[in-house]
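**Student:**
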Amino acid sequence: MSPDATSPAEPLHDPAGSPRGRLTVLAGPTAVGKGTIAAYVRTHFPGVWFSVSMTTRRPRPGEVDGVHYHFVDDREFDRLVEAGQFLEYAVVHGAAKYGTPRGPVERVIREGRDALLEIDLQGARQVRDTWPDALFVFLAPPSWEELVRRLVGRGTEDEAERERRLSTARAELAAQSEFDEVIVNDDVRRASEELVSLMRSGRADR
Ligand code: 5GP
89 MSPDATSPAE PLHDPAGSPR GRLTVLAGPT AVGKGTIAAY VRTHFPGVWF SVSMTTRRPR
149 PGEVDGVHYH FVDDREFDRL VEAGQFLEYA VVHGAAKYGT PRGPVERVIR EGRDALLEID
209 LQGARQVRDT WPDALFVFLA PPSWEELVRR LVGRGTEDEA ERERRLSTAR AELAAQSEFD
269 EVIVNDDVRR ASEELVSLMR SGRADR
């Protein structure tokens, strides 16, 4: 990853001191329930703005372009990388490319709103380099056994893909100490409320 591709286009701190929103990055291993938490927060906390990622993977049934992801082909993705349009990007699970479009996030933060990125560990590390005052939250499973159970129970991946994801998950679990906060996803509502409360903590205007 070249530093130029991820360096911010504008200063991160507004010199005029106007109130800026807070960027929160939510990461965690596969099948830990990031998507479920995100869906709960979307429904119950409409004030939280979600970044819509770009991906080169195909839409799953029910996924809507521009809502769940912006679905693009490899060529378009690479063009946007070259143009410095991503805050971070990564190849996830050795398969598709995923990236956070930079412009919308910067705009929302400038407007003073809270923004949430739900991304993988590689992406979270890149954001830490370019946006160190973001809040980094790790979503952890109650136990390794529970994570395996959720991954198998989901039934959306074949065996080879499941093995690949589990080996990624093992490495990702080991990285939780890099994060500011760890939330255990033992209950969707409780974990979601803890996330939103962390996002709002430390803000004088709340
Ligand atoms: P899925 O294909 O199941 O929607 O997502 C697979 C993984 O990609 C998840 O771990 C999700 O957090 C991650 N992901 C989604 N969007 C982004 C993104 O913009 N950047 C990065 N680095 N990872 C992402």
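Numbered as in this note's numbering, the sequence shown ends at 294 without a single skipped number.
For each residue, glycine too, the CB sits at the ideal point set by N, CA and C.
All values derive from a computational prediction rather than experimental measurement.
#1: Taking Cβ to Cβ, would you say Trp112 is nearer than 8 Å to Asp202?
#2: Within its chain, find whatever has a CB closer than 7 Å to the CB of Gly295; leave out the 5 residues flanking it on each side and keep chain order.
#3: Would you tell me roughly how many angstroms separate the C-alpha atoms of Arg198 and Ala248, rounded to the nearest one?
#4: Give the range of the alpha helix (DSSP H) segment to which Tyr128 is assigned.
#5: By the three-class DSSP mapping on this structure, what secondary structure does Val152 have?
#6: On the CB-based measure, 16 or more other CB atoms within 10 Å of its CB, does Arg137 come out buried or exposed?
#7: With burial defined as no fewer than 16 other Cβ atoms inside 10 Å of the residue's Cβ, what is the status of Thr188: buried or exposed?
#8: With a threshold of 7 Å on Cβ separation, who are the neighbours of Arg108 within its own chain once the five nearest residues in sequence on each side are excluded?
#9: Report back the beta-carbon spacing between Pro147 and Phe159 to the nearest angstrom; my notes put them in contact at under 8 Å.
#10: Does at least one heavy atom of the ligand 5GP sit under 7 Å from the Cβ of Gly211?
#11: Once DSSP output is grouped into helix, strand and coil, what is the label at Glu176?
#12: With Glu269 as the anchor, note down where its alpha helix (DSSP H) starts and where it stops.
#13: Can you check whether the CB of Leu223 is closer than 8 Å to the CB of Leu286?
**Tutor:** In short:
#1: In the sequence shown, residue 112 corresponds to position 24, counting from 1. In the sequence shown, residue 202 corresponds to position 114, counting from 1. Reading off the sequence shown, one finds Thr at residue 112, where the question assumed Trp. Taking a C-beta distance under 8 Å as the contact criterion, Thr112 and Asp202 qualify as a contact pair.
#2: Nothing about residue 295 can be reported from this structure: the residues present for the chain run from 89 to 294 only.
#3: Taking the first residue of the sequence shown as 1, we reach residue 198 at position 110. Taking the first residue of the sequence shown as 1, we reach residue 248 at position 160. If you take the alpha carbons of Arg198 and Ala248, they lie about 43 Å apart.
#4: Taking the sequence shown and counting its residues from 1, the one referred to as residue 128 is at position 40. Counting along the chain, the alpha helix (DSSP H) containing Tyr128 begins and ends at Lys122 to His132.
#5: Here residue 152 is taken as the residue at index 64 of the sequence shown, counted from 1. In this structure, Val152 counts as coil in the three-state DSSP scheme.
#6: As a position in the sequence shown, residue 137 is number 49, starting the count at 1. The amino acid at residue 137 is misidentified as Arg; the sequence shows Trp. Around the beta carbon of Trp137, a 10 Å sphere encloses 16 or more other beta carbons of the protein chains shown; the residue is thus reported as buried.
#7: Position 100 of the sequence shown, counted from the start, is the residue given in the question as residue 188. So Thr188 ends up on the buried side.
#8: Locating residue 108 in the sequence shown gives position 20, counting from the first residue. Answer for Arg108: Asp102, Ile197, Arg198 and Gly200, listed in chain order.
#9: To locate residue 147, count along the sequence shown from 1; it is residue 59. To locate residue 159, count along the sequence shown from 1; it is residue 71. Their Cβ separation, rounded to whole angstroms, is 5 Å, which keeps Pro147 and Phe159 in contact under 8 Å.
#10: What you label residue 211 is simply residue 123 of the sequence shown in a count that begins at 1. For the ligand 5GP, at least one heavy atom lies less than 7 Å from the Cβ of Gly211.
#11: By one-based count along the sequence shown, residue 176 stands at place 88. Three-state DSSP puts Glu176 in a strand.
#12: Taking the sequence shown and counting its residues from 1, the one referred to as residue 269 is at position 181. Boundaries for Glu269: no alpha helix (DSSP H) harbours it, while the beta strand (DSSP E) harbouring it runs Glu269 to Val272, taken from the DSSP string.
#13: Counting from one through the sequence shown, the residue named residue 286 turns up at place 198. Counting from one through the sequence shown, the residue named residue 223 turns up at place 135. Cβ atoms of Leu286 and Leu223: closer than 8 Å.
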